[in-house]
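*Asks:* Under full-length UniProt numbering, residue 131 is the last one in the sequence shown; the count climbs by one each step, no gaps.
No residue lacks a Cβ here, since even glycine has one placed at the ideal position from N, Cα and C.
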Amino acid sequence: VEFTLYQPPVYNHQEAKSDTSALDSHRNPAGRTGIKGRGALKSLGPNHIVDPVITTEGGVLEFLALWEQTEGCWKFPGGYVDDSRNTDNAWVETTVVTVHLQWHEVSSKIAMCPYQKEALRLVAQLHHINF
C-alpha cells in the first residue's frame, strides 16, 4: 500500500494580489501572533482540519488517540486551535467528528465488498499480518 505524502500546490486567487493586499484580507480571529504570512501552514486564512474521535466498547468505552511527542500528551484528530503554526494571516480551524465503530478482526473470512476486502488485504500485508 502506497500512501504518498505529496501535496500539490494550491492556487488561491486572493493570493495572486500583492503580498500586502493578500495579507490584509486574512486576519487571525484570535489576534496577532507576531508572525506574518502563512508560516508552516498550507494557505492564508483558515486551514481546515478534521479531528475524528473513534471509539469502541468492549466493557470499557475506549477512544483512538495519538501520542504527541513534542507536547507530551495524547491527542485526537479539531474550530480554531491555538496551534504553534498559527500566524497573523493563517490559522488552524478544526472540526471534531465522533465515530463509534464496531471493531472486527482483520481476516479474509469477513464478508466485505471485493474492493474494500482487497484494501484490507493490503493493509494486513503492510503490517505483516496473515490475511
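Quick check on DSSP: helix, strand or coil for residue 106?
*Replies:* For the purposes of this step, residue 106 is taken as residue 106 along the sequence shown, with counting starting at 1. Of the three classes helix, strand and coil, the one that applies to residue 106 here is coil, per DSSP.
*Asks:* What do you reckon, are the CB atoms on residue 90 and residue 47 nearer than 8 Å?
*Replies:* Locating residue 90 in the sequence shown gives position 90, where the first residue counts as 1. Locating residue 47 in the sequence shown gives position 47, where the first residue counts as 1. In contact: residue 90 and residue 47 (Cβ atoms closer than 8 Å).
*Asks:* Give the DSSP-derived three-state secondary structure of residue 114 in the structure shown.
*Replies:* Within the sequence shown, the letter at position 114 stands for residue 114. Helix.
*Asks:* Check residue 90 in the structure and name its three-state DSSP category.
*Replies:* For this step, residue 90 is matched to residue 90 along the sequence shown. In the structure shown, residue 90 sits in a strand (DSSP, three-state: E or B).
*Asks:* Kindly give me the distance between the Cβ atoms of residue 36 and residue 87, rounded to whole angstroms, as I take these residues to be in contact under 8 Å.
*Replies:* For the purposes of this step, residue 36 is taken as residue 36 along the sequence shown, with counting starting at 1. For the purposes of this step, residue 87 is taken as residue 87 along the sequence shown, with counting starting at 1. So it is a contact: roughly 6 Å between Cβ atoms.
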